[in-house]
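full-length UniProt numbering applies: residue 1 is where the sequence shown begins, and numbers increase by one. Have a look at the structure below before the remarks.
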Amino acid sequence: MERNLLPVEIQDVPTNHPELAPLITQLDRYLFELYPPEEVFIIDEEKAIKNEMQFIIAYIDNLAVGCGAIMRLDDKYAELKRFFVDPSVRNRGLARTLLSELERRARDKQFDYLRLETGAKQVEAVRFYIKHEFYEIPKFGEYVDCPSSLCYEKKL
């Protein structure tokens with residue numbers, strides 16, 4: 001059951017924001033514990049800029065505790081990327097807040113669908129996405145040949 005969260009501040013940030021890197025490093029470290037390197041999809045700054053990634057950071061008491069991004073795939077589709085909540089503040093509604101903010105930004109940019117990739121070993125993430133009206137789709141893009149990838153989308 002989710003507990004109430006302290007007031008959360010959401011900020012749009014550039015790809016090179018200094019408080020973004022530690023959150024992404026924490027996410028990557030977790031993913032490398034679960035999957036072999038060839039099944040972890042890292043995003044470099046050049047790719048992020050090229051694909052018009054829009055990052056947000058969630059703050060509680062001025063501490064960066066979560067992040068996420070949307071990345072343009074084409075005129076209709078955006079992809080949810082680098083979605084992460086620090087374990088110390090999980091199960092308090094922060095992921096729901098982050099997702100809602102990213103969905104709003106995707107709608108504001110006139111995208112019709114939000115897609116994502118997650119891993120088969122991330123059972124809690126899969127449950128979260130299904131709870132928030134994502135449905136499983138065939139693997140897309142760089143995930144097609146990845147054995148551990150699960151892909152989902154949501155109509156915005």
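Backbone N, C-alpha and C define an ideal beta-carbon position, used for all residues, glycine too. Owing to the predicted nature of the structure, the values given are computational and were not obtained by experimental measurement.
Under the three-state DSSP convention, the category residue i falls into
i	result
S149	strand
P138	coil
D74	coil
K131	helix
D86	coil
L98	helix
D12	strand
R107	helix
P7	coil
Burial state of residue i (16 or more Cβ within 10 Å)
i	result
F55	buried
L31	buried
E153	buried
R82	buried
V123	exposed
L99	buried
L20	buried
G141	exposed
V144	exposed
T118	buried
L102	buried
P138	exposed
Rounded distance between the beta-carbons of residue j and residue i, thought under 8 Å
i	j	result
L156	A106	6 Å
Y135	Y77	Actually they do not touch by this definition, with Cβ atoms about 14 Å apart.
V8	L94	6 Å
E45	N16	6 Å
L80	L116	4 Å
I10	A69	Contact flag wrong, Cβ pair sits at about 13 Å.
L34	F84	No, L34 and F84 are not in contact; Cβ-Cβ is about 14 Å, not under 8 Å.
I60	V13	16 Å between Cβ atoms; not a contact.
Terminal residues of the beta strand (DSSP E) in which residue i lies
i	result
Y143	Looking at the DSSP string, Y143 is not in any beta strand (DSSP E), and its letter there is neither H nor E.
D24	The amino acid at residue 24 is misidentified as Asp; the sequence shows Ile. First-last for I24: 20-34, but that is the alpha helix (DSSP H), not the beta strand (DSSP E).
G93	From DSSP, G93 is part of no beta strand (DSSP E); its letter is neither H nor E.
L114	113-119
For this session: Ignoring anything shorter than 4 residues or poking outside the segment 38-68, list the alpha helix (DSSP H) runs there in chain order.
Result: Listed in chain order, the complete alpha helix (DSSP H) runs (minimum 4 residues) inside the segment 38-68 are 45-50.
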